[in-house]
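Novice: Right, I'll just put the structure down here and ask away after.
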Amino acid sequence: MKICQAAALAAFVTSASAFSSVAFVASRTSTARFQSAVAEQTETSTSSEEKSKARGPTRFDRLKQLYKGPRFIATDQEVPFSYEDFAQAVSVTEYAFERNSVVQGVAVEYSGEKGCLVDIGAKASAFLPAQESSLYMADNAGLSDVIPLDTPMNFQIISEEDENGQLIVSVKRIQYKEAWEKVLTLSEADEVVEAQVVAVNRGGAICLIEGLRAFLPGSHLAGQLPDESLIGQVLKLKFLEVNQENGKLVVSNRKAIVEQQMADLSRGDLVEGIVKALKPYGAFVEVGGMSGLLHISQISYDRIDDLEKVLQPGMAVKCMIIDHDKVNGRIALSTKTLEPEPGDMLKNSQMVYDNAEQTAILYHKKMEEQRLEREKAARDIVMGLGDSLDDLDGSSSSDPLKDVSDSLDSLLS
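Listed below in C-alpha coordinates is the structure:
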(Lines of atoms letter the chains of each structure in order from A and count residues from 1; the text may use other names and numbers.)
(Lines give C-alpha, C1' and ligand atoms only; values in the text may rest on other atoms or scores of the structure.)
Protein backbone atom coordinates (compact mmCIF):
# COMPACT_ATOMS: atom_id res chain seq x y z
CA MET A 1 0.00 0.00 0.00
CA LYS A 2 2.78 2.43 0.91
CA ILE A 3 4.69 1.38 -2.16
CA CYS A 4 1.67 2.29 -4.37
CA GLN A 5 1.25 5.69 -2.75
CA ALA A 6 4.94 6.44 -3.20
CA ALA A 7 4.71 5.49 -6.88
CA ALA A 8 1.69 7.75 -7.42
CA LEU A 9 3.39 10.66 -5.73
CA ALA A 10 6.45 10.22 -7.89
CA ALA A 11 4.29 10.18 -11.04
CA PHE A 12 2.50 13.41 -9.98
CA VAL A 13 5.78 15.19 -9.31
CA THR A 14 7.09 14.11 -12.70
CA SER A 15 3.91 15.37 -14.48
CA ALA A 16 3.96 18.69 -12.66
CA SER A 17 7.58 19.20 -13.55
CA ALA A 18 6.87 18.46 -17.20
CA PHE A 19 3.88 20.86 -17.23
CA SER A 20 5.95 23.61 -15.66
CA SER A 21 8.59 23.17 -18.32
CA VAL A 22 6.02 23.40 -21.10
CA ALA A 23 4.38 26.47 -19.51
CA PHE A 24 7.76 28.12 -19.10
CA VAL A 25 8.61 27.51 -22.75
CA ALA A 26 5.18 28.84 -23.87
CA SER A 27 5.59 31.87 -21.67
CA ARG A 28 9.00 32.60 -23.10
CA THR A 29 7.59 32.23 -26.63
CA SER A 30 4.63 34.57 -25.96
CA THR A 31 6.87 37.12 -24.34
CA ALA A 32 9.18 37.07 -27.31
CA ARG A 33 6.28 37.50 -29.75
CA PHE A 34 4.81 40.37 -27.68
CA GLN A 35 8.14 42.15 -27.51
CA SER A 36 8.53 41.72 -31.27
CA ALA A 37 5.01 43.15 -31.91
CA VAL A 38 5.69 46.09 -29.61
CA ALA A 39 8.91 46.79 -31.42
CA GLU A 40 7.16 46.66 -34.79
CA GLN A 41 4.34 48.93 -33.51
CA THR A 42 6.91 51.35 -32.12
CA GLU A 43 8.69 51.41 -35.45
CA THR A 44 5.34 51.89 -37.26
CA SER A 45 4.27 54.66 -34.87
CA THR A 46 7.63 56.31 -35.21
CA SER A 47 7.38 56.04 -38.97
CA SER A 48 3.79 57.42 -38.93
CA GLU A 49 4.80 60.27 -36.67
CA GLU A 50 7.71 61.06 -38.92
CA LYS A 51 5.41 61.00 -41.98
CA SER A 52 2.84 63.10 -40.13
CA LYS A 53 5.48 65.64 -39.19
CA ALA A 54 6.62 65.64 -42.78
CA ARG A 55 3.13 66.39 -44.21
CA GLY A 56 1.99 68.72 -41.37
CA PRO A 57 -0.76 68.41 -38.74
CA THR A 58 -4.07 66.85 -39.77
CA ARG A 59 -7.56 68.23 -39.08
CA PHE A 60 -7.82 65.74 -36.21
CA ASP A 61 -4.52 66.99 -34.75
CA ARG A 62 -5.77 70.57 -34.83
CA LEU A 63 -9.09 69.66 -33.19
CA LYS A 64 -7.18 67.63 -30.61
CA GLN A 65 -5.08 70.66 -29.70
CA LEU A 66 -8.16 72.87 -29.38
CA TYR A 67 -10.09 70.39 -27.26
CA LYS A 68 -10.01 71.39 -23.58
CA GLY A 69 -12.20 68.69 -22.17
CA PRO A 70 -15.94 68.52 -21.51
CA ARG A 71 -17.77 71.67 -20.44
CA PHE A 72 -20.17 71.57 -17.56
CA ILE A 73 -22.89 74.14 -16.94
CA ALA A 74 -23.80 74.68 -13.35
CA THR A 75 -27.53 74.67 -12.65
CA ASP A 76 -29.49 75.48 -9.56
CA GLN A 77 -31.35 72.23 -9.84
CA GLU A 78 -30.11 68.97 -11.26
CA VAL A 79 -32.51 67.66 -13.94
CA PRO A 80 -32.14 63.97 -14.88
CA PHE A 81 -32.24 63.39 -18.66
CA SER A 82 -31.64 59.93 -20.11
CA TYR A 83 -31.03 58.75 -23.66
CA GLU A 84 -34.62 57.53 -23.75
CA ASP A 85 -35.84 61.01 -22.86
CA PHE A 86 -33.66 62.49 -25.59
CA ALA A 87 -34.96 60.06 -28.24
CA GLN A 88 -38.54 60.82 -27.26
CA ALA A 89 -37.94 64.58 -27.42
CA VAL A 90 -36.39 64.30 -30.89
CA SER A 91 -39.29 62.15 -32.08
CA VAL A 92 -41.90 64.65 -30.89
CA THR A 93 -40.04 67.73 -32.12
CA GLU A 94 -38.80 66.53 -35.47
CA TYR A 95 -41.44 64.21 -36.81
CA ALA A 96 -44.77 65.72 -35.71
CA PHE A 97 -46.13 66.66 -39.21
CA GLU A 98 -49.88 67.10 -39.49
CA ARG A 99 -51.93 66.39 -42.58
CA ASN A 100 -52.84 69.52 -44.65
CA SER A 101 -50.13 71.56 -42.91
CA VAL A 102 -47.73 73.56 -45.10
CA VAL A 103 -43.99 73.06 -44.59
CA GLN A 104 -40.87 74.27 -46.33
CA GLY A 105 -38.55 71.84 -48.05
CA VAL A 106 -36.31 71.19 -51.03
CA ALA A 107 -36.53 68.62 -53.80
CA VAL A 108 -33.43 66.42 -53.58
CA GLU A 109 -33.90 63.71 -56.20
CA TYR A 110 -36.15 62.95 -59.18
CA SER A 111 -37.81 59.53 -59.35
CA GLY A 112 -38.15 59.35 -63.11
CA GLU A 113 -41.44 60.77 -64.35
CA LYS A 114 -43.35 59.58 -61.28
CA GLY A 115 -42.28 62.39 -58.97
CA CYS A 116 -39.41 63.41 -56.73
CA LEU A 117 -38.12 63.05 -53.18
CA VAL A 118 -38.39 66.10 -50.95
CA ASP A 119 -36.48 66.84 -47.76
CA ILE A 120 -38.88 68.50 -45.30
CA GLY A 121 -36.94 67.62 -42.14
CA ALA A 122 -38.80 64.39 -41.42
CA LYS A 123 -37.11 61.11 -40.55
CA ALA A 124 -37.68 60.00 -44.15
CA SER A 125 -37.79 61.96 -47.40
CA ALA A 126 -41.31 62.92 -48.47
CA PHE A 127 -42.58 62.03 -51.95
CA LEU A 128 -44.06 64.56 -54.39
CA PRO A 129 -46.10 62.81 -57.14
CA ALA A 130 -45.83 64.35 -60.61
CA GLN A 131 -49.58 65.04 -60.74
CA GLU A 132 -49.25 67.11 -57.55
CA SER A 133 -46.25 69.13 -58.74
CA SER A 134 -48.00 72.14 -60.31
CA LEU A 135 -51.36 73.64 -61.21
CA TYR A 136 -49.78 75.33 -64.23
CA MET A 137 -48.03 72.33 -65.85
CA ALA A 138 -47.91 72.78 -69.64
CA ASP A 139 -48.49 69.79 -71.91
CA ASN A 140 -44.85 69.60 -73.00
CA ALA A 141 -43.32 70.52 -69.62
CA GLY A 142 -41.42 68.11 -67.41
CA LEU A 143 -41.13 67.78 -63.66
CA SER A 144 -37.79 69.58 -63.61
CA ASP A 145 -39.42 72.62 -65.28
CA VAL A 146 -41.69 73.26 -62.31
CA ILE A 147 -39.80 71.67 -59.39
CA PRO A 148 -36.06 72.54 -59.48
CA LEU A 149 -33.71 70.66 -57.17
CA ASP A 150 -32.21 72.28 -54.05
CA THR A 151 -34.61 75.24 -54.21
CA PRO A 152 -36.63 76.03 -51.05
CA MET A 153 -40.38 75.73 -51.69
CA ASN A 154 -43.58 75.30 -49.73
CA PHE A 155 -45.23 71.89 -49.72
CA GLN A 156 -48.56 70.75 -48.33
CA ILE A 157 -48.70 67.40 -46.54
CA ILE A 158 -51.59 65.37 -47.98
CA SER A 159 -51.14 61.98 -46.28
CA GLU A 160 -50.21 60.26 -43.06
CA GLU A 161 -46.86 58.50 -42.62
CA ASP A 162 -46.63 55.06 -44.18
CA GLU A 163 -44.85 52.10 -42.58
CA ASN A 164 -41.50 53.59 -43.63
CA GLY A 165 -42.28 57.00 -42.17
CA GLN A 166 -42.71 58.60 -45.61
CA LEU A 167 -45.22 61.41 -46.28
CA ILE A 168 -46.91 62.48 -49.54
CA VAL A 169 -46.73 66.21 -50.30
CA SER A 170 -48.23 68.56 -52.90
CA VAL A 171 -47.44 71.93 -54.48
CA LYS A 172 -50.52 71.92 -56.71
CA ARG A 173 -52.95 72.19 -53.79
CA ILE A 174 -51.20 75.28 -52.44
CA GLN A 175 -51.40 76.90 -55.88
CA TYR A 176 -55.06 75.84 -56.20
CA LYS A 177 -55.99 77.68 -53.00
CA GLU A 178 -54.03 80.78 -54.04
CA ALA A 179 -55.70 80.74 -57.50
CA TRP A 180 -59.18 80.80 -55.97
CA GLU A 181 -58.18 83.71 -53.75
CA LYS A 182 -57.02 85.66 -56.83
CA VAL A 183 -60.21 84.84 -58.75
CA LEU A 184 -62.40 85.93 -55.84
CA THR A 185 -60.52 89.23 -55.67
CA LEU A 186 -60.94 89.80 -59.42
CA SER A 187 -64.63 88.94 -59.26
CA GLU A 188 -65.29 91.30 -56.36
CA ALA A 189 -63.54 94.09 -58.28
CA ASP A 190 -65.66 93.25 -61.37
CA GLU A 191 -62.50 93.06 -63.48
CA VAL A 192 -62.26 91.98 -67.11
CA VAL A 193 -59.79 89.09 -67.46
CA GLU A 194 -58.21 87.38 -70.44
CA ALA A 195 -58.16 83.59 -70.69
CA GLN A 196 -57.29 80.96 -73.26
CA VAL A 197 -59.85 78.46 -74.54
CA VAL A 198 -58.57 74.90 -73.98
CA ALA A 199 -61.64 72.83 -74.92
CA VAL A 200 -65.14 73.09 -76.40
CA ASN A 201 -68.31 71.04 -76.00
CA ARG A 202 -71.96 71.24 -77.00
CA GLY A 203 -72.78 73.58 -74.15
CA GLY A 204 -69.92 76.03 -74.51
CA ALA A 205 -66.18 76.25 -73.94
CA ILE A 206 -63.61 75.66 -71.19
CA CYS A 207 -61.11 78.42 -70.37
CA LEU A 208 -58.16 78.55 -67.98
CA ILE A 209 -58.10 81.42 -65.47
CA GLU A 210 -55.18 81.38 -63.01
CA GLY A 211 -54.89 77.66 -63.74
CA LEU A 212 -58.57 77.01 -62.89
CA ARG A 213 -61.05 75.60 -65.41
CA ALA A 214 -63.88 78.06 -66.08
CA PHE A 215 -67.04 77.28 -68.05
CA LEU A 216 -68.09 79.70 -70.80
CA PRO A 217 -71.72 78.97 -71.84
CA GLY A 218 -72.41 79.15 -75.56
CA SER A 219 -75.08 81.79 -74.94
CA HIS A 220 -72.42 84.05 -73.44
CA LEU A 221 -70.01 83.72 -76.35
CA ALA A 222 -70.07 86.88 -78.48
CA GLY A 223 -70.13 86.66 -82.25
CA GLN A 224 -69.40 82.96 -82.82
CA LEU A 225 -70.37 79.42 -81.98
CA PRO A 226 -68.35 77.13 -79.66
CA ASP A 227 -66.56 75.05 -82.31
CA GLU A 228 -63.03 73.64 -82.61
CA SER A 229 -61.71 76.86 -84.16
CA LEU A 230 -62.18 78.51 -80.77
CA ILE A 231 -59.47 76.37 -79.10
CA GLY A 232 -56.33 78.39 -78.44
CA GLN A 233 -58.03 81.77 -78.73
CA VAL A 234 -57.62 84.29 -75.92
CA LEU A 235 -60.94 85.88 -74.93
CA LYS A 236 -61.96 88.75 -72.71
CA LEU A 237 -64.19 87.51 -69.91
CA LYS A 238 -66.18 88.67 -66.92
CA PHE A 239 -67.27 86.50 -64.02
CA LEU A 240 -70.86 85.29 -63.73
CA GLU A 241 -70.44 82.86 -60.83
CA VAL A 242 -67.53 82.15 -58.48
CA ASN A 243 -68.15 79.34 -55.99
CA GLN A 244 -65.00 77.90 -54.42
CA GLU A 245 -66.90 75.51 -52.18
CA ASN A 246 -68.46 73.73 -55.18
CA GLY A 247 -65.49 74.40 -57.47
CA LYS A 248 -67.81 76.24 -59.88
CA LEU A 249 -66.47 79.03 -62.07
CA VAL A 250 -68.71 80.48 -64.82
CA VAL A 251 -67.70 83.36 -67.11
CA SER A 252 -69.12 85.46 -69.93
CA ASN A 253 -67.43 86.74 -73.06
CA ARG A 254 -70.52 88.66 -74.17
CA LYS A 255 -70.69 90.64 -70.93
CA ALA A 256 -67.04 91.69 -71.22
CA ILE A 257 -67.43 92.74 -74.87
CA VAL A 258 -70.69 94.60 -74.24
CA GLU A 259 -69.30 96.60 -71.34
CA GLN A 260 -66.20 97.50 -73.31
CA GLN A 261 -68.18 98.59 -76.35
CA MET A 262 -70.84 100.37 -74.33
CA ALA A 263 -68.14 102.55 -72.83
CA ASP A 264 -67.21 103.71 -76.35
CA LEU A 265 -70.76 104.20 -77.69
CA SER A 266 -72.61 107.50 -77.93
CA ARG A 267 -76.00 108.59 -79.17
CA GLY A 268 -75.89 109.25 -82.89
CA ASP A 269 -73.19 106.67 -83.64
CA LEU A 270 -73.62 104.67 -86.85
CA VAL A 271 -73.27 100.92 -86.31
CA GLU A 272 -73.62 97.73 -88.33
CA GLY A 273 -75.44 94.64 -87.15
CA ILE A 274 -77.25 91.43 -87.99
CA VAL A 275 -80.98 90.92 -87.55
CA LYS A 276 -81.37 88.05 -85.08
CA ALA A 277 -85.11 87.88 -84.49
CA LEU A 278 -88.37 89.58 -85.46
CA LYS A 279 -91.10 90.44 -82.97
CA PRO A 280 -94.47 92.17 -83.45
CA TYR A 281 -92.98 95.33 -81.94
CA GLY A 282 -89.72 95.34 -83.90
CA ALA A 283 -86.45 93.53 -84.58
CA PHE A 284 -83.52 92.48 -82.39
CA VAL A 285 -80.20 93.34 -83.98
CA GLU A 286 -76.83 92.04 -82.77
CA VAL A 287 -74.19 94.75 -82.84
CA GLY A 288 -70.71 93.54 -81.92
CA GLY A 289 -71.98 91.04 -79.38
CA MET A 290 -74.64 93.41 -78.05
CA SER A 291 -78.36 93.03 -78.62
CA GLY A 292 -80.13 96.19 -79.78
CA LEU A 293 -83.82 96.83 -80.35
CA LEU A 294 -84.92 98.37 -83.64
CA HIS A 295 -88.47 99.33 -82.71
CA ILE A 296 -91.06 99.20 -85.49
CA SER A 297 -91.69 102.93 -85.04
CA GLN A 298 -87.99 103.62 -85.71
CA ILE A 299 -87.67 101.66 -88.97
CA SER A 300 -89.27 104.22 -91.29
CA TYR A 301 -91.19 107.48 -91.25
CA ASP A 302 -93.91 105.66 -93.17
CA ARG A 303 -96.24 103.16 -91.55
CA ILE A 304 -95.16 99.49 -91.68
CA ASP A 305 -97.93 96.93 -92.06
CA ASP A 306 -95.76 93.81 -92.56
CA LEU A 307 -92.35 93.82 -90.85
CA GLU A 308 -91.19 90.67 -92.66
CA LYS A 309 -91.35 92.51 -95.99
CA VAL A 310 -88.74 94.96 -94.70
CA LEU A 311 -86.44 92.86 -92.49
CA GLN A 312 -85.46 89.19 -92.27
CA PRO A 313 -83.35 87.26 -89.71
CA GLY A 314 -79.72 87.12 -90.86
CA MET A 315 -80.00 90.38 -92.83
CA ALA A 316 -77.16 92.88 -92.44
CA VAL A 317 -78.35 96.36 -91.52
CA LYS A 318 -76.96 99.78 -90.68
CA CYS A 319 -78.55 101.63 -87.80
CA MET A 320 -78.07 104.73 -85.72
CA ILE A 321 -77.93 104.59 -81.92
CA ILE A 322 -80.63 106.83 -80.51
CA ASP A 323 -80.37 105.70 -76.87
CA HIS A 324 -78.42 103.31 -74.66
CA ASP A 325 -78.41 101.82 -71.18
CA LYS A 326 -74.77 101.25 -70.29
CA VAL A 327 -75.59 99.62 -66.96
CA ASN A 328 -77.69 96.83 -68.48
CA GLY A 329 -75.96 96.81 -71.88
CA ARG A 330 -79.01 97.73 -73.96
CA ILE A 331 -79.17 99.98 -77.01
CA ALA A 332 -82.05 101.48 -78.99
CA LEU A 333 -81.57 101.67 -82.77
CA SER A 334 -83.12 103.55 -85.67
CA THR A 335 -83.04 103.32 -89.46
CA LYS A 336 -85.59 106.04 -90.17
CA THR A 337 -82.99 108.65 -89.16
CA LEU A 338 -80.95 107.37 -92.13
CA GLU A 339 -83.75 107.80 -94.70
CA PRO A 340 -82.94 110.55 -97.22
CA GLU A 341 -86.67 110.78 -97.81
CA PRO A 342 -89.50 109.44 -95.65
CA GLY A 343 -90.43 105.89 -96.66
CA ASP A 344 -87.10 105.02 -98.37
CA MET A 345 -86.63 102.03 -96.04
CA LEU A 346 -89.80 100.49 -97.46
CA LYS A 347 -88.98 101.33 -101.08
CA ASN A 348 -85.23 100.60 -101.27
CA SER A 349 -83.55 99.70 -97.99
CA GLN A 350 -80.22 98.89 -99.68
CA MET A 351 -80.01 102.44 -101.00
CA VAL A 352 -80.52 103.67 -97.44
CA TYR A 353 -77.63 101.49 -96.20
CA ASP A 354 -75.35 102.56 -99.07
CA ASN A 355 -75.87 106.23 -98.24
CA ALA A 356 -75.97 105.71 -94.47
CA GLU A 357 -72.62 107.38 -93.73
CA GLN A 358 -73.46 110.51 -95.74
CA THR A 359 -76.97 110.66 -94.32
CA ALA A 360 -75.59 110.25 -90.80
CA ILE A 361 -73.27 113.22 -91.34
CA LEU A 362 -76.19 115.35 -92.50
CA TYR A 363 -78.25 114.10 -89.57
CA HIS A 364 -75.55 115.07 -87.08
CA LYS A 365 -75.24 118.48 -88.70
CA LYS A 366 -78.98 118.98 -88.44
CA MET A 367 -79.00 117.82 -84.82
CA GLU A 368 -76.18 120.22 -83.99
CA GLU A 369 -78.04 123.12 -85.59
CA GLN A 370 -81.16 122.24 -83.63
CA ARG A 371 -79.15 122.01 -80.43
CA LEU A 372 -77.70 125.46 -80.99
CA GLU A 373 -81.17 126.84 -81.71
CA ARG A 374 -82.51 125.34 -78.49
CA GLU A 375 -79.64 126.80 -76.49
CA LYS A 376 -80.20 130.24 -78.06
CA ALA A 377 -83.91 130.05 -77.33
CA ALA A 378 -83.16 129.09 -73.73
CA ARG A 379 -80.83 132.07 -73.36
CA ASP A 380 -83.49 134.38 -74.83
CA ILE A 381 -85.98 133.10 -72.26
CA VAL A 382 -83.56 133.80 -69.43
CA MET A 383 -82.82 137.28 -70.77
CA GLY A 384 -86.54 137.97 -71.17
CA LEU A 385 -87.21 136.96 -67.60
CA GLY A 386 -84.39 139.21 -66.42
CA ASP A 387 -85.84 142.32 -68.14
CA SER A 388 -89.30 141.55 -66.80
CA LEU A 389 -88.05 141.17 -63.25
CA ASP A 390 -86.50 144.64 -63.43
CA ASP A 391 -90.01 146.17 -63.92
CA LEU A 392 -91.46 145.02 -60.61
CA ASP A 393 -92.97 148.44 -59.74
CA GLY A 394 -95.65 147.95 -62.45
CA SER A 395 -94.93 151.20 -64.28
CA SER A 396 -95.03 149.41 -67.65
CA SER A 397 -98.43 148.46 -69.08
CA SER A 398 -97.03 145.81 -71.46
CA ASP A 399 -97.23 142.07 -70.72
CA PRO A 400 -93.85 141.11 -69.09
CA LEU A 401 -94.13 137.46 -70.26
CA LYS A 402 -95.07 138.18 -73.87
CA ASP A 403 -91.45 137.91 -75.07
CA VAL A 404 -90.98 134.72 -73.06
CA SER A 405 -94.07 133.17 -74.70
CA ASP A 406 -92.75 134.06 -78.13
CA SER A 407 -89.42 132.39 -77.29
CA LEU A 408 -91.18 129.25 -76.04
CA ASP A 409 -93.26 129.06 -79.21
CA SER A 410 -90.06 129.32 -81.23
CA LEU A 411 -88.41 126.60 -79.13
CA LEU A 412 -91.31 124.17 -79.48
CA SER A 413 -91.96 124.77 -83.17
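Numbering (mature numbering (1 follows the signal peptide of the UniProt record, and there is no 0)) for the sequence shown: -18 to -1, 1 to 395.
Yeah, the Cβ is synthetic: ideal placement off N, Cα and C, and Gly gets one too.
Here the structure is a predicted model, which is why all the values come from computation and not from measurement.
Go ahead and pull the three-state DSSP assignment for LYS218.
Specialist: strand
Novice: Helix, strand or coil, according to DSSP, for GLU163 in the structure here?
Specialist: helix
Novice: Contact between the region 187 to 198 and the region 154 to 161 is defined here as three or more beta-carbon pairs at a separation below 8 Å; is this criterion met?
Specialist: yes
Novice: Would you mind reading off the limits of the alpha helix (DSSP H) that contains MET333?
Specialist: 331 to 336
Novice: Between LEU231 and the rest of its own chain, which residues show a CB-CB distance below 8 Å, the 5 nearest in sequence each way excluded?
Specialist: VAL165, ILE191, LEU194, ARG195, ALA196, PHE197, PHE221, GLU223, VAL224, ASN225
Novice: Apart from the five residues on each side of it in sequence, which residues of its chain come closer than 8 Å, Cβ to Cβ, to ASN183?
Specialist: Beyond the five residues adjoining it in sequence on each side, ASN183 comes within less than 8 Å, by CB distance, of PRO208 in the same chain, given in chain order.
Novice: Select from CYS98, SER116, ARG312 the residue whose C-alpha is nearest the C-alpha of ALA108.
Specialist: Comparing Cα positions, the closest option is CYS98.
Novice: Put ILE256 into one of helix, strand or coil per three-state DSSP.
Specialist: In the structure shown, ILE256 falls within a strand segment according to DSSP collapsed to helix, strand and coil.
Novice: To the nearest angstrom, how far is it from the Cα of THR317 to the Cα of VAL175?
Specialist: 35 Å
Novice: Using the C-alpha atoms, what's the distance from ARG356 back to VAL216?
Specialist: 48 Å
Novice: Tell me LYS261's beta-bridge partners as DSSP assigns them.
Specialist: GLY264
Novice: Taking Cβ to Cβ, would you say LEU320 is nearer than 9 Å to THR341?
Specialist: yes
Novice: In angstroms with no decimal places, state the Cα-to-Cα distance between MET302 and PRO324.
Specialist: 16 Å
Novice: Leaving out five residues before and five after GLY264 in sequence, what residues of the same chain have Cβ atoms less than 7 Å from its Cβ?
Specialist: LEU275, LEU276, HIS277, ILE278
Novice: Once the 5 residues before and after LEU125 are set aside, which same chain residues still bring their CB inside 8 Å of it?
Specialist: Within the same chain, TYR92, GLU95, GLY97, CYS98, ALA112, SER115 come within 8 Å of LEU125 by CB-CB distance, once the 5 residues on both sides are set aside.
Novice: Looking only at DSSP bridge pairs, what is residue 396 linked to?
Specialist: In the structure displayed, the chain extends from -18 to 395; residue 396 sits before or after that span and is not available.
Novice: How about SER273 and ARG312: are their beta carbons less than 9 Å apart?
Specialist: yes
Novice: Output the distance between the C-alpha atoms of LEU110 and LYS237, rounded to the nearest integer angstrom.
Specialist: 41 Å
Novice: In terms of residues, what are the limits of the alpha helix (DSSP H) holding GLN243?
Specialist: 235 to 246
Novice: Report buried or exposed for ALA187, applying the criterion of at least 16 other Cβ atoms within 10 angstroms of its Cβ.
Specialist: buried
Novice: Between which residues of its own chain and ASP132 is the CB-CB distance below 6 Å, once the five residues before and five after are set aside?
Specialist: Excluding sequence neighbours, ASP132 sits near VAL88.
Novice: Distance, Cα to Cα, PRO322 vs VAL240?
Specialist: 31 Å
Novice: Can you tell which of GLU210, GLU227, ALA204, SER211 has the C-alpha that lies nearest to the C-alpha of LYS218?
Specialist: ALA204
Novice: What is the DSSP secondary structure of TYR345, counted as helix, strand or coil?
Specialist: helix
Novice: Can you tell me whether ILE139 is buried or exposed? The criterion is at least 16 other CB atoms within 10 Å of its CB, across all chains shown.
Specialist: Residue environment analysis places ILE139 among the buried positions, since at least 16 neighbouring C-beta atoms fall within 10 angstroms of its C-beta.
Novice: Compute the beta-carbon to beta-carbon distance between GLN86 and LEU117, rounded to the nearest angstrom, for a pair I have assumed lies under 8 Å.
Specialist: The pair is not a contact, with the Cβ atoms about 19 Å apart (cut-off 8 Å).
Novice: Would you identify the three-state DSSP class for ASP362, choosing helix, strand or coil?
Specialist: helix
Novice: Can you give the Cα-Cα distance for TYR345 and ILE363, rounded to whole angstroms?
Specialist: 27 Å
Novice: Grab me the residues of GLY229's own chain with a C-beta within less than 6 Å of its C-beta, minus the 5 sequence neighbours each way, in chain order.
Specialist: none
Novice: Which of the three DSSP states, helix, strand or coil, is assigned to TYR158?
Specialist: helix
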